[in-house]
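Protein sequence lines, in the order shown, are assigned to chains A and B. Residues 3 to 115 (our numbering) are what the first sequence spells out, left to right. Residues 7 to 119 (our numbering) are what the second sequence spells out, left to right. C-beta: ideal position from N, C-alpha, C; glycine also.
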Amino acid sequence: DGGITQSPKYLFRKEGQNVTLSCEQNLNHDAMYWYRQDPGQGLRLIYYSQIVNDFQKGDIAEGYSVSREKKESFPLTVTSAQTNPTAFYLCASSYRGVGETQYFGPGTRLLVL
Amino acid sequence: AQSVTQLGSHVSVSEGALVLLRCNYSSSVPPYLFWYVQYPNQGLQLLLKYTTGATLVKGINGFEAEFKKSETSFHLTKPSAHMSDAAEYFCAVIISGTYKYIFGTGTRLKVLA
Numbered sequence: 003d004g005g006i007t008q009s010p011k012y013l014f015r016k017e018g019q020n021v022t023l024s025c026e027q028n029l030n031h032d033a034m035y036w037y038r039q040d041p042g043q044g045l046r047l048i049y050y051s052q053i054v055n056d057f058q059k060g061d062i063a064e065g066y067s068v069s070r071e072k073k074e075s076f077p078l079t080v081t082s083a084q085t086n087p088t089a090f091y092l093c094a095s096s097y098r099g100v101g102e103t104q105y106f107g108p109g110t111r112l113l114v115l
Numbered sequence: 007a008q009s010v011t012q013l014g015s016h017v018s019v020s021e022g023a024l025v026l027l028r029c030n031y032s033s034s035v036p037p038y039l040f041w042y043v044q045y046p047n048q049g050l051q052l053l054l055k056y057t058t059g060a061t062l063v064k065g066i067n068g069f070e071a072e073f074k075k076s077e078t079s080f081h082l083t084k085p086s087a088h089m090s091d092a093a094e095y096f097c098a099v100i101i102s103g104t105y106k107y108i109f110g111t112g113t114r115l116k117v118l119a
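See below:
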């Protein structure tokens, strides 16, 4: 079955630690996205990538980094510079084109110890 | 700038009653509009989308939405609520000329027995 997988489901970060969230898709989508979800704030775009080896900052990129070495994978690293990382992180993907639907993974909940 | 406003962060309806979730958008050009549903600790699932053509859009699980350009609205409705409809619902619009979505802050639907 085609879809988007995110791992782990829960992730715990210690102070000063970098952690990496995984996102993999087998939908043959060119575009991939990372969102952060906080209660009452909807979804905010962290980074997005339209093609391999290229990505752009979204609205809240500070304290985060990404890579796009393969079409299927778009990992997100939450660095120690992100001082309030506790949130639900959602990965999405879509075909490139105007009006294309974004499809979402099941999410990763990041908690700080 | 484009934006999305969802009126009412929490909506309660009785089982079997009409569901109406409100979404207004601002856009200088014809928009692409989406409704997504999110169950607790899960990703977002597409309910329906409007691109062009017929203004009444039917989606999954008996939901539909009507695009009203004069009112800049895209309200979501369902004639008869079911307990399984309890979830959070997000309206989204695509920023013209990009692949980026703007999400509303969400409406949590509670269905009362």
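| query | result |
| --- | --- |
| Boundaries (first-last residue) of the beta strand (DSSP E) holding Gln27 of chain A | Val21 to Gln27 |
| Leu27 of chain B vs Val17 of chain B beta-carbon contact at 8 Å | yes |
| Extent of the continuous beta strand (DSSP E) to which Phe96 of chain B belongs | Ala93 to Ile100 |
| Minimum Cβ-Cβ distance from Lys75 of chain B to chain A less than 8 Å | no |
| Cβ-based neighbour list, Leu113 of chain A, same chain, cut-off 8 Å, excluding 5 preceding and 5 following | Tyr12, Leu13, Phe14, Arg15 and Thr88 |
| Cβ pair Phe73 of chain B, Leu39 of chain B closer than 8 Å | yes |
| Contacts of Thr57 of chain B in chain A (Cβ-Cβ under 7 Å) | Gly101 |
| Boundaries (first-last residue) of the beta strand (DSSP E) holding Asn30 of chain B | Val25 to Ser32 |
| Validate contact between the region 57 to 74 of chain B and the region 65 to 84 of chain A using beta carbons, cut 8 Å, 3 pairs | no |
| With 16 other Cβ atoms within 10 Å as the buried cut-off, status of Val35 of chain B | exposed |
| Residue-level contact to chain A via CB, Gly14 of chain B, 8 Å cutoff | no |
| Cβ-based burial, Val19 of chain B [other Cβ within 10 Å; buried from 16] | buried |
| Integer Cβ distance of Tyr91 of chain A from Arg38 of chain A, believed to fall under 8 Å | 6 Å |
| Coil, strand or helix - Ile62 of chain A by DSSP | coil |
| Exposure label - Ser113 of chain B; buried when at least 16 CB within 10 Å | According to the sequence provided, residue 113 of chain B is Thr. The question's Ser does not apply to it. With 16 or more Cβ atoms within 10 Å of its Cβ, Thr113 of chain B is classed as buried. |
| Residues, ordered as in the chain, of the region 85 to 111 of chain B that lie near chain A by beta-carbon distance below 7 Å | Phe96, Ile100, Tyr105, Lys106, Tyr107, Phe109, Gly110 and Thr111 |
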